[in-house]
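What follows is a set of notes on a single structure, which appears directly below.
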Amino acid sequence: MAGPVPVATSLSDIYTLDALNPQAKRWNNLLAKFQSVYGQNAEFVARSPGRVNIIGEHIDYSLYSVLPMAITADAILAVSTDVTSPSQEGTFKIKIANVQEQKFPAHEFDIPYDAVEIDATVHEWTNYFKSGLRGALELLRKKHGAEFKPKSMAIIMDGTVPAGGGLSSSAAFVSASALAVMVANGEKTVDKTELTELAIVSERAVGVNSGGMDQSASVFSERGSALFVSFTPTLRAKPVSFPKTSPELTFLIAQSFVTADKFVTGPIHYNLRVVECSLAAAYLNAVLNPPGTSLPSDASPLSISLHGFHETYVALQEHQSGATSSKSVPEQLSDLISLTKETLTKTEGYTREEIAAVLNISVQDLNEKFTSRFPVRAEKFKLRQRALHVFSEALRVLKFMDLLSQGPPQGDNDTSSYNAQLGSLLNETQDSCREVYECSCEEIDQLCAIARKAGSYGSRLTGAGWGGCSVHLVPADKVAAVKEAWEKEYYSKLDLSDEKKQTAVVVSRPGSGSAVYQVE
Ligand code: NG1
Ligand code: MG
Numbered sequence: 001m002a003g004p005v006p007v008a009t010s011l012s013d014i015y016t017l018d019a020l021n022p023q024a025k026r027w028n029n030l031l032a033k034f035q036s037v038y039g040q041n042a043e044f045v046a047r048s049p050g051r052v053n054i055i056g057e058h059i060d061y062s063l064y065s066v067l068p069m070a071i072t073a074d075a076i077l078a079v080s081t082d083v084t085s086p087s088q089e090g091t092f093k094i095k096i097a098n099v100q101e102q103k104f105p106a107h108e109f110d111i112p113y114d115a116v117e118i119d120a121t122v123h124e125w126t127n128y129f130k131s132g133l134r135g136a137l138e139l140l141r142k143k144h145g146a147e148f149k150p151k152s153m154a155i156i157m158d159g160t161v162p163a164g165g166g167l168s169s170s171a172a173f174v175s176a177s178a179l180a181v182m183v184a185n186g187e188k189t190v191d192k193t194e195l196t197e198l199a200i201v202s203e204r205a206v207g208v209n210s211g212g213m214d215q216s217a218s219v220f221s222e223r224g225s226a227l228f229v230s231f232t233p234t235l236r237a238k239p240v241s242f243p244k245t246s247p248e249l250t251f252l253i254a255q256s257f258v259t260a261d262k263f264v265t266g267p268i269h270y271n272l273r274v275v276e277c278s279l280a281a282a283y284l285n286a287v288l289n290p291p292g293t294s295l296p297s298d299a300s301p302l303s304i305s306l307h308g309f310h311e312t313y314v315a316l317q318e319h320q321s322g323a324t325s326s327k328s329v330p331e332q333l334s335d336l337i338s339l340t341k342e343t344l345t346k347t348e349g350y351t352r353e354e355i356a357a358v359l360n361i362s363v364q365d366l367n368e369k370f371t372s373r374f375p376v377r378a379e380k381f382k383l384r385q386r387a388l389h390v391f392s393e394a395l396r397v398l399k400f401m402d403l404l405s406q407g408p409p410q411g412d413n414d415t416s417s418y419n420a421q422l423g424s425l426l427n428e429t430q431d432s433c434r435e436v437y438e439c440s441c442e443e444i445d446q447l448c449a450i451a452r453k454a455g456s457y458g459s460r461l462t463g464a465g466w467g468g469c470s471v472h473l474v475p476a477d478k479v480a481a482v483k484e485a486w487e488k489e490y491y492s493k494l495d496l497s498d499e500k501k502q503t504a505v506v507v508s509r510p511g512s513g514s515a516v517y518q519v520e
């Protein structure tokens with residue numbers, strides 16, 4: 001599972017094994033495009049998929065474990081390093097084009113060896129490549145020393161993960177880019193953990209202060225399995241299979257066609273939630289731990305997380321009582337939910353002044369520490385609601401994992417009630433996202449309500465929310481009914497092109513993670 005990304009897989013395998021695979025046509029098209037734009041053959045193709053998150057929403061950046069799975073839609077990059085270098089000393093060349101050339105215009109960059117500049121204030125598709133490039137070069141420089149000279153590259157990219165749709169087109173593109181750069185610069189094996197960690201940090205350069213779920217799912221996933229991703233003490237990804245059930249379970253992904261653009265709304269949505277969670281951790285620490293306790297700096301986007309608070313709190317309690325805690329993690333999380341309710345009593349939220357006073361720092365210091373790198377716009381920070389969502393969602397993930405590992409009761413021919421238990425956890429997640437974390441939207445709520453009425457066990461938003469995609473746990477024999485209900489009650493009311501209609505709903509099967517295919 002850990003270990004290297006498969007680098008030597010031959011491209012011809014894809015065609016011979018899957019001659020009828022619609023993907024083969026797309027890959028051929030990519031290679032033909034490469035030939036027509038650059039007048040030569042690509043050397044290799046790097047691929048990374050999008051993902052759907054099954055459960056564990058908005059908790060990765062608080063360092064709690066999540067359960068996503070890779071989907072078939074992906075980013076593929078055809079690459080050659082046979083590029084005339086720029087005349088300027090100390091630079092290398094990147095030529096990059098997209099299969100959809102109208103929407104994503106081609107670019108050429110001369111880049112200094114040690115300074116990949118990214119302007120996160122403009123929303124430019126090549127920023128994602130550059131962020132993967134920057135991360136990969138940092139790693140390569142660490143490995144090979146300061147005199148390392150990056151190779152020039154010519155690239156054609158094709159992406160099928162819808163942008164702004166909650167299926168993580170960005171992580172697919174960044175991970176595939178970082179992988180492509182590693183291989184272009186001669187790496188014969190690429191370690192999955194290294195690749196994921198660099199992709200996580202890289203993506204923050206594009207302006208979103210994200211957690212690590214998407215990149216982990218994109219890199220580590222294995223065909224046929226979901227992926228349990230933990231972030232502490234180190235990044236770990238474990239494939240998880242679904243038990244056999246009857247009726248059989250299917251995941252449906254339904255687009256809302258509400259585009260949630262994190263670049264526009266980051267300061268009031270995503271990045272604000274990251275700040276609220278870190279502030280909640282700091283606040284709970286200041287009130288509940290002994291005076292002077294500082295939280296350990298960790299891998300979360302703002303270096304202190306609710307999970308960091310959780311661990312510190314439990315350790316200090318144990319220390320005080322002189323015993324090791326006999327409480328299980330679910331019990332600890334239940335305690336934290338009660339403590340949060342008692343400690344963070346203001347439902348209307350907390351001002352900067354109020355928080356700074358409790359943390360015993362100035363408002364200026366608070367701004368410097370929590371809101372300077374990724375600006376946010378808010379008068380009040382809803383610490384109570386955000387912490388409650390995170391602790392309860394972390395608990396739901398553990399319950400879901402427990403159910404999966406137990407499987408349905410032995411000998412049951414009809415596992416409907418087991419299926420319904422899985423589904424109701426997803427429904428609880430949606431309730432919490434809508435009411436407590438405030439990251440859903442009317443359209444997603446509608447899609448969920450329609451699906452449940454037509455037979456879905458559990459329906460919820462997936463990814464960041466505020467639009468984008470929803471995921472539904474549906475018995476195989478109800479898939480048609482759910483699709484029909486959506487068409488009648490939702491999609492037919494939107495003015496959709498045929499192309500959009502076709503991508504509105506997909507049956508998702510867990511797909512495989514990052515790989516490189518050699519073109520011979
Ligand atoms: P989307 O919006 O689906 O890419 C985002 C974050 C994740 C995670 C989810 C919410 C990025 C790249 N990803 O996913 O890390 O926090 O929201 O669970 O921003
Ligand atoms: Mg994204």
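Quick note on numbering: UniProt numbering labels position 243 of the sequence shown as 243, and the sequence is numbered without any gaps. All residues carry an ideal CB built from backbone N, CA and C; glycine is no exception.
Since H307 and Y64 should fall inside the 8 Å C-beta cutoff, what is the C-beta to C-beta distance between them, to a whole number of angstroms? On the sequence shown, residue 307 is found 307 positions in, with the first residue counted as 1. On the sequence shown, residue 64 is found 64 positions in, with the first residue counted as 1. That pair is a contact at about 6 Å.
Return the first residue and the last residue of the alpha helix (DSSP H) that I337 is part of. Looking up residue 337 in the sequence shown gives position 337. From DSSP, the alpha helix (DSSP H) with I337 extends over 329-343.
Distance CB(A78)-CB(A42) smaller than 8 Å: Your numbering for residue 78 matches position 78 in the sequence shown. Your numbering for residue 42 matches position 42 in the sequence shown. Taking 8 Å as the Cβ cut-off, A78 and A42 qualify as a contacting pair.
Measuring straight from C-alpha to C-alpha, what distance separates P49 and L284? The residue labelled residue 49 in the question sits at position 49 within the sequence shown. The residue labelled residue 284 in the question sits at position 284 within the sequence shown. Roughly 37 Å separates the two Cα atoms.
Given E489, which residues of its chain have a CB within under 6 Å of its CB, disregarding the five upstream and five downstream residues? Here residue 489 refers to the residue found at position 489 of the sequence shown. The answer, listed in chain order, is I450.
Could you pull out every unbroken beta strand (DSSP E) segment of at least 3 residues lying fully inside the segment 420-498, listed in chain order? 458-462, 469-475
Is the beta carbon of G166 sitting closer than 8 Å to the one on G423? Numbered from 1 along the sequence shown, position 166 holds the residue referred to as residue 166. Numbered from 1 along the sequence shown, position 423 holds the residue referred to as residue 423. No, the pair does not count as a contact, with Cβ atoms beyond the cut-off.
Given a threshold of 16 other Cβ atoms within 10 Å of its Cβ, counted over all protein chains shown, does K493 qualify as buried or as exposed? For the purposes of this step, residue 493 is identified with residue 493 of the sequence shown, where counting begins at 1. So K493 counts as exposed.
Can you give me the C-alpha to C-alpha distance between I200 and A176, rounded to a whole angstrom? As a working note, residue 200 is residue 200 in the sequence shown. As a working note, residue 176 is residue 176 in the sequence shown. Their Cα atoms are separated by approximately 12 Å.
Any idea what DSSP makes of V79, helix, strand or coil? The count along the sequence shown starts at 1 and reaches residue 79 at position 79. DSSP places V79 in strand when its eight states are reduced to three.
Would a C-beta distance cut-off of 8 Å place A178 and S169 closer than the cut-off? One-based indexing of the sequence shown puts residue 178 at position 178. One-based indexing of the sequence shown puts residue 169 at position 169. Contact flag unset, no.
Is DSSP giving T91 helix, strand or coil here? In the sequence shown, the residue the question calls residue 91 occupies position 91. Correct three-state label for T91: strand.
Any non-hydrogen atom of ligand 1 within 7 Å of residue 528 CB: The structure shown does not extend to residue 528, since the chain is modelled only from 1 to 520, so the question has no answer here.
Which of the three DSSP states, helix, strand or coil, is assigned to D261? In the sequence shown, residue 261 corresponds to position 261, counting from 1. Coil.
Are the beta-carbon atoms of L249 and L473 separated by less than 8 Å? Taking the sequence shown and counting its residues from 1, the one referred to as residue 249 is at position 249. Taking the sequence shown and counting its residues from 1, the one referred to as residue 473 is at position 473. Cβ atoms of L249 and L473: closer than 8 Å.
Burial state of P233 (16 or more Cβ within 10 Å): Along the sequence shown, one-based indexing puts residue 233 at 233. Per the 10 Å Cβ criterion, exposed.
To the nearest angstrom, report how far apart P375 and P267 are at their CA atoms. As a first step, residue 375 must be located in the sequence shown, where it is residue number 375. As a first step, residue 267 must be located in the sequence shown, where it is residue number 267. So the two alpha carbons sit approximately 6 Å from each other.
Which full runs of the beta strand (DSSP E) of 3+ residues lie inside the UniProt domain "GHMP kinase N-terminal" (134-221), going along the chain? 153-159
With a threshold of 6 Å on Cβ separation, who are the neighbours of M182 within its own chain once the five nearest residues in sequence on each side are excluded? Position 182 of the sequence shown, counted from the start, is the residue given in the question as residue 182. Counting only Cβ-Cβ distances below 6 Å, and skipping sequence neighbours, we find A136, V190.
Output needed for S225: all residues of its chain with C-beta closer than 8 Å, excluding positions within five of it in sequence on either side, in chain order. Translated into the one-based positions of the sequence shown, residue 225 becomes position 225. M69, P239, V240, S241, P510.
Using the three-state DSSP reduction, which class does residue 523 fall into: helix, strand or coil? No answer is possible for residue 523: it lies beyond the span of the chain, which begins at 1 and ends at 520.
Going by the beta-carbon positions, is the gap between V397 and G56 smaller than 8 Å? The sequence position of residue 397 within the sequence shown is 397, counting from 1. The sequence position of residue 56 within the sequence shown is 56, counting from 1. Cβ atoms of V397 and G56: closer than 8 Å.
My guess is that V206 and N127 are in contact by the Cβ rule of under 8 Å, so how many angstroms apart are they, rounded? Counting from 1 along the sequence shown, the entry for residue 206 is found at position 206. Counting from 1 along the sequence shown, the entry for residue 127 is found at position 127. At roughly 5 Å, the Cβ-Cβ gap stays under 8 Å, so V206 and N127 are in contact.
Enumerate in chain order the residues of its own chain whose CB-to-CB distance from Q430 is below 6 Å, with the five nearest sequence positions on each side excluded. Counting from one through the sequence shown, the residue named residue 430 turns up at place 430. Excluding sequence neighbours, Q430 sits near C448, R460.
Report all residues from its chain with a CB closer than 8 Å to the CB of I118; omit the five preceding and five following residues, and keep chain order. Here residue 118 refers to the residue found at position 118 when the sequence shown is read from its first residue. Hits under 8 Å: N127, K130, S131, R134, A205, V206.
For ligand 1, is there a heavy atom less than 7 Å away from the beta-carbon of residue 523? For residue 523 there is no data in the structure shown, the boundaries of the chain being 1 and 520.
Could you check if E353 is buried or exposed, using at least 16 other CB atoms within 10 Å of its CB as the buried criterion? Numbered from 1 along the sequence shown, position 353 holds the residue referred to as residue 353. The residue in question, E353, is exposed, as its Cβ has fewer than 16 Cβ neighbours within 10 Å.
Endpoints, alpha helix (DSSP H) assigned at T312: One-based indexing of the sequence shown puts residue 312 at position 312. Per DSSP, T312 belongs to the alpha helix (DSSP H) from 306-321.
Own chain residues within Cβ distance below 7 Å of L288, not counting five before or after: On the sequence shown, position 288 is the one that residue 288 refers to. Only Y313, L339, T343 meet the Cβ criterion.
Pairwise C-alpha distance: F231 and S512: Here the question's residue 512 lines up with position 512 in the sequence shown. Here the question's residue 231 lines up with position 231 in the sequence shown. Cα to Cα, the separation comes out at about 21 Å.
Considering only the alpha carbon of each residue, which of E311, G467, D114 lies closest to T293? Here residue 293 refers to the residue found at position 293 of the sequence shown. The residue with the shortest Cα to Cα distance from T293 is E311.
Going straight from the alpha carbon of residue 521 to that of V66, what length do you get? Because the chain here runs from 1 to 520, residue 521 falls outside it and cannot be looked at.
Would the segment 85-99 and the segment 145-153 be scored as touching if the rule is three or more Cβ pairs under 8 Å? yes
Under the three-state reduction of DSSP, which class applies to E368: helix, strand or coil? Working through the sequence shown from its first residue, we reach residue 368 at position 368. Helix, per DSSP.
Taking the alpha carbon of A154 as the point to measure from, which residue in F109, S216, P409 has its own alpha carbon closest? On the sequence shown, residue 154 is found 154 positions in, with the first residue counted as 1. Measuring from the Cα of A154, the nearest candidate turns out to be F109.
So the candidates are R373, F381, T347; which of them puts its Cα closest to the Cα of A356? Counted from its first residue, the sequence shown places residue 356 at position 356. Cα-wise, what sits closest to A356 is F381.
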